[in-house]
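Participant:
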Amino acid sequence: MDQIHLKEIKAISYKKATINKGYADRSLRINLDAKDIIITPIEEKIKNKFIGGKGYDLWLMWNAVLGDTKWNDPENTICISSGPLGGTPGYPGGGKSIVTSISPLTGAPIDSNVGGYFGPYKKFSGFDVLQINGKAKEDTIIVIDGIENTIKLFEAKNLPTDAYELSDVLTRYFDKEKPVNVSVVTTGPGARHSLFGCLNFSWWDAGRKRVRYKQAGRGGIGTVFADKKIKAIVARCGAISMKTNNPADFEGLKAVTKTHAKEIHDLDPKQNRMALVGTTHLVPIMNDHDCLPVHNFKFGSHPQSHAIGEEIFEHLFDKGFDGCWKGCAVACSHGVKNFSPITGPYKGKKVFVDGPEYETIAGCGSNLGIFDAHTIVEINFYCDAYGLDTISVGTSIGFVMECFENNLITADHTGGMDLSFGSRFNALEIIHQMARGEGFGAIVGKGVRQMKKIFATDFGANADFMKDIGMESKGLEFSEYITKESLAQQGGYGLALKGPQHDEAWLIFLDMVHNFMPTFENKAEALHWFPMFRTWFGLCGLCKLPWNDIVPEDNKTTSEPAKVVKHVGWYADFFSAVTGRKTKPDDLILMSEAVYNFQRIFNLKMGFGTREHDTLPYRAIGPVTVEEYESRQELYDQQLKDKYNITISNMDSKEKTAVLRQKREEQYEQLKDAVYERRGWNKNGIPTVETVKRLGIDFPEVMEILKKNSVTK
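Using the working numbering, the letters of the sequence shown map in sequence onto residues 74 to 786.
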């Protein structure tokens with residue numbers, strides 16, 4: 074498409090804010106109903122309390138929505154921020170955006186951390202955070218031009234529908250001479266017809282001379298985007314250097330950046346080889362430790378896993394620099410060149426596929442019984458093009474396949490399709506149907522929680538069994554790790570604020586393999602510290618991978634190797650150098666603790682955020698079926714005898730499965746109590762008045778919400 078025609082409907086010029094110590098100190102709000110473009114200063118007290126990134130997003134959302142706001146109400150808000158450290162060239166993982174909205178899947182605030190150039194480009198155009206509310210009447214493009222210092226709204230017609238082609242067209246349209254100056258946020262047709270639409274954030278790959286993509290996948294923000302009739306958001310920005318953030322201590326920033334980047338350059342080839350294989354290195358590791366989801370999380374390993382492991386993808390990935398931000402030493406955003414899909418609208422064409430990463434391989438591969446790398450690559454491509462979250466897609470189709478194999482649904486319900494595990498062509502057909510909003514795919518696109526209701530009500534499926542095997546919590550589909558043998562990771566999923574996503578706490582190895590957390594108190598401490606530190610990356614505009622995926626050579630000899638304390642110190646130095654706020658490692662936890670507790674109370678405002686919502690499907694806790702029990706019978710028998718002092722000599726497998734369930738469910742409830750106490754929450758999982766006052770988030774509306782929930786001390 075060489076010519077496109079956009080109708081300008083609103084434009085303003087503005088004086089660009091000077092970035093000072095990582096901040097523009099301005100927000101930009103677009104109201105799509107009134108076509109208003111509003112620039113507002115950010116108060117110092119808000120900056121000091123909410124830091125940036127997800128903190129800014131949540132604060133603006135809190136003030137925009139009511140307790141009964143639904144995801145498709147006009148007042149629902151999409152916020153995109155980076156953070157004070159975001160946009161630092163050369164610092165590993167320094168180019169992230171954090172996107173928030175009220176989720177179509179959960180009804181509560183959702184956040185997603187994403188690469189690409191948009192967050193830094195928006196900030197360096199003069200805005201720490203972008204807020205969009207209202208609904209447009211026609212497809213709309215928002216353009217933030219930090220070179221010409223203009224903000225424009227366009228009505229858009231007859232543009233490409235899929236994210237790949239649309240982002241490419243708009244990148245070349247808005248800066249044909251220097252496409253590297255442009256980053257585009259888009260979704261695709263699948264977002265309009267599902268509840269788990271994703272957003273694609275672009276960057277220009279100068280070496281390959283093409284647009285590349287990273288995804289803000291979780292929770293259906295792309296669906297909100299499509300519902301608001303946003304066709305795309307475009308940010309345009311000029312040259313960026315380490316000085317663009319105007320750091321308080323430039324020499325200190327250079328020193329810590331050089332130190333961290335050099336370590337990754339030196340050690341990544343010896344450790345996980347992420348610059349070559351990205352996160353695909355996790356496939357054999359997870360398989361070896363029985364943590365790779367197979368057949369809807371029923372099993373944790375499979376003999377064919379080698380067919381979708383790192384060695385296969387090392388050969389498939391195109392060679393070259395693959396950083397999703399300028400100069401990132403991890404450079405893990407790999408892709409497949411000249412791939413030819415065998416189904417769908419791109420059948421027989423040559424395409425470039427961004428990915429797959431571990432989550433896609435596990436969710437859309439082993440979890441579906443698909444051990445064919447090319448099928449996984451094709452699923453990855455179409456999910457991105459259609460604007461669908463691969464995690465929710467894989468976990469949802471896995472649920473469908475198990476229901477099909479247990480005759481809870483039949484070919485009469487699926488439109489004649491055999492959806493047994495391993496049915497790769499029909500899995501692809503479901504994805505194409507999702508994009509069109511047609512057939513059985515339209516039902517799958519509603520997600521696991523809604524499917525459980527539909528299958529029970531319309532098809533007469535067993536509701537109790539589906540509750541056990543439907544891998545969702547709070548309405549969000551599970552990310553791709555088996556947690557049966559890690560009570561700490563069960564808490565990491567079940568107690569996560571937005572639902573079972575591993576970005577709050579990934580504790581499987583520390584708990585299950587290394588046994589660093591033998592007591593409830595140990596687990597509770599980990600489920601305090603790790604979510605708080607991981608939250609900090611979302612406040613500052615950073616990627617978590619450089620923290621603990623490549624570690625110092627002497628890390629094992631430190632007092633707390635799981636925390637990678639040397640890196641935590643470097644991050645404190647990084648924050649100090651940019652912002653001028655003298656910061657120690659413990660200060661990072663305190664920053665996050667305020668925002669984390671605020672988000673818990675935000676959940677409460679929206680009608681969630683209590684103990685009853687911190688639940689898990691039993692499959693995340695233990696074996697649901699006799700088949701599952703017997704697949705690891707020696708382990709489970711030993712646990713019943715040694716850990717629980719149960720005499721099992723006269724029990725059959727069904728009885729042993731039931732006894733094990735009772736014990737494990739009791740353990741999970743005990744874990745909740747321990748974690749709530751450590752976090753300063755009451756027995757119902759609500760932050761206490763003492764906690765919110767200690768953290769300085771005792772705003773009048775916060776106190777009123779606590780009072781309504783009978784929390785007075």
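For each residue, glycine too, the CB sits at the ideal point set by N, CA and C.
Since the model is a prediction, treat every value here as computed from it, not as a measurement.
#1: For the alpha helix (DSSP H) that contains Asn411, what are its first and last residues?
#2: Using 10 angstroms around the beta-carbon of Lys786, count the other beta-carbons present and answer buried if the total reaches 16, otherwise exposed.
#3: To the nearest angstrom, how far is the alpha carbon of Thr652 from that of Thr317?
#4: Is the number of C-beta pairs between the segment 327-345 and the segment 396-410 that are closer than 8 Å three or more?
#5: For Leu612, which of helix, strand or coil comes out of DSSP?
#6: Roughly how many whole angstroms lie between the Cα atoms of Ile111 and Lys208?
#7: Any idea which residues DSSP pairs Ser100 with across the strands?
#8: Can you tell me which residues form a DSSP beta bridge with Val426?
#9: What number of angstroms, rounded off, separates the C-alpha of Ser783 from the C-alpha of Trp754?
#10: From which residue to which residue does the alpha helix (DSSP H) around Asn499 run?
#11: Please report the distance separating the alpha-carbon of Leu580 from that of Asp218.
#12: Could you check the C-alpha separation between His640 and Leu618 for me, to the nearest Å?
#13: Going by the CB atoms, is the gap between Leu677 and Ile555 shorter than 8 Å?
#14: For the beta strand (DSSP E) containing Trp277, name the first residue and the last one.
#15: Can you confirm whether the segment 604-617 touches the segment 661-670 when touching is taken to mean that 3 or more C-beta pairs between the two stretches lie within less than 8 Å?
#16: If you scan the segment 761-785 from start to end, which runs of the alpha helix (DSSP H) of 4 or more residues do you find wholly inside it?
#17: Select from Glu750, Asp715, Leu744, Lys745 the residue whose C-alpha is nearest the C-alpha of Leu733.
#18: Check this for me: beta carbons of Thr296 and Gly325, under 8 Å apart or not?
#19: Could you tell me if Phe671 is buried or exposed, where buried requires 16 or more neighbouring beta carbons within 10 angstroms of its beta carbon?
#20: Determine the DSSP secondary structure at Trp754, reduced to helix, strand or coil.
#21: Rounded to a whole number of angstroms, what is the C-alpha to C-alpha distance between Ser378 and Val356?
#22: Could you tell me which residues DSSP pairs with Ile215 in its beta bridges?
#23: Suppose contacts are defined by Cβ-Cβ distances below 8 Å. Is Asn273 in contact with Gly460 by that definition?
#24: Quick one: Cα of Phe247 to Cα of Thr656, how far?
#25: Which ranges would you report for the beta strand (DSSP E) in the segment 544-588 if only whole runs of at least 3 residues count?
#26: Please confirm whether Pro418 has its beta-carbon closer than 8 Å to some beta-carbon of chain B.
#27: Figure out for me which residue from Leu441, Leu389, Gln506 has the closest Cα to the Cα of Val450.
#28: Under 6 Å Cβ to Cβ from Met74, same chain only, skipping five residues before and after it: list those, please.
#29: Using C-beta distances below 8 Å, list every residue in its chain close to Pro796, excluding the 5 sequence neighbours before and after it, in chain order.
#30: Output needed for Asp278: all residues of its chain with C-beta closer than 6 Å, excluding positions within five of it in sequence on either side, in chain order.
#31: Identify every run of the alpha helix (DSSP H) within the segment 454-488, keeping only runs that are complete inside it and at least 4 residues long; order them along the chain.
#32: Pull the bridge partners of Tyr286 from the DSSP assignment, please.
#33: Taking only three categories from DSSP, how would you classify Pro182?
#34: Please classify Trp332: does DSSP put it in a helix, a strand, or coil?
#35: Apart from the five residues on each side of it in sequence, which residues of its chain come closer than 7 Å, Cβ to Cβ, to Asp106?
#36: Report all residues from its chain with a CB closer than 8 Å to the CB of Ile623; omit the five preceding and five following residues, and keep chain order.
Facilitator: In short:
#1: Where Asn411 is concerned, there is no enclosing alpha helix (DSSP H), although the beta strand (DSSP E) it sits in stretches over 408-412.
#2: exposed
#3: 13 Å
#4: yes
#5: Three-state result, Leu612: helix.
#6: Cα to Cα, Ile111 sits roughly 16 Å from Lys208.
#7: Thr113, Val202
#8: Val409
#9: Between Ser783 and Trp754, the C-alpha separation is close to 13 Å.
#10: 497-509
#11: Using only the alpha carbons, I get a separation of about 42 Å.
#12: 11 Å
#13: Going by C-beta atoms, Ile555 is not nearer than 8 Å to Leu677.
#14: 272-278
#15: Contact holds: three or more Cβ-Cβ distances are below 8 Å.
#16: Runs found: 762-768, 773-781.
#17: Asp715
#18: no
#19: Around the beta carbon of Phe671, 16 or more other beta carbons sit within 10 angstroms, so the residue counts as buried.
#20: Per DSSP, reduced to three states, the secondary structure at Trp754 is strand.
#21: Going from the Cα of Ser378 to the Cα of Val356 covers about 7 Å.
#22: Leu226, Ile306
#23: In this structure, Asn273 places its C-beta atom within 8 Å of the C-beta atom of Gly460.
#24: 40 Å
#25: none
#26: Chain labels in this structure do not include chain B; a single protein chain is all it has.
#27: With distances taken between Cα atoms, Val450 lies closest to Leu389.
#28: Low local confidence applies: a pLDDT of 44 at Met74 is under 50, so the model's placement there is unreliable, and no value is given.
#29: Absent from the structure is residue 796, since the part of the chain shown begins at 74 and ends at 786.
#30: These residues qualify, in order along the chain: Arg285.
#31: 463-478
#32: Ser275
#33: Collapsing the DSSP output to three states places Pro182 in a strand.
#34: Reading off the sequence shown, one finds Thr at residue 332, where the question assumed Trp. Look at Thr332 here: in three-state DSSP terms it is helix.
#35: Pro147, Gly207, Lys208
#36: Glu336, Ile337, Leu340, Asp341, Gln344, Asn345, Met347, Val403
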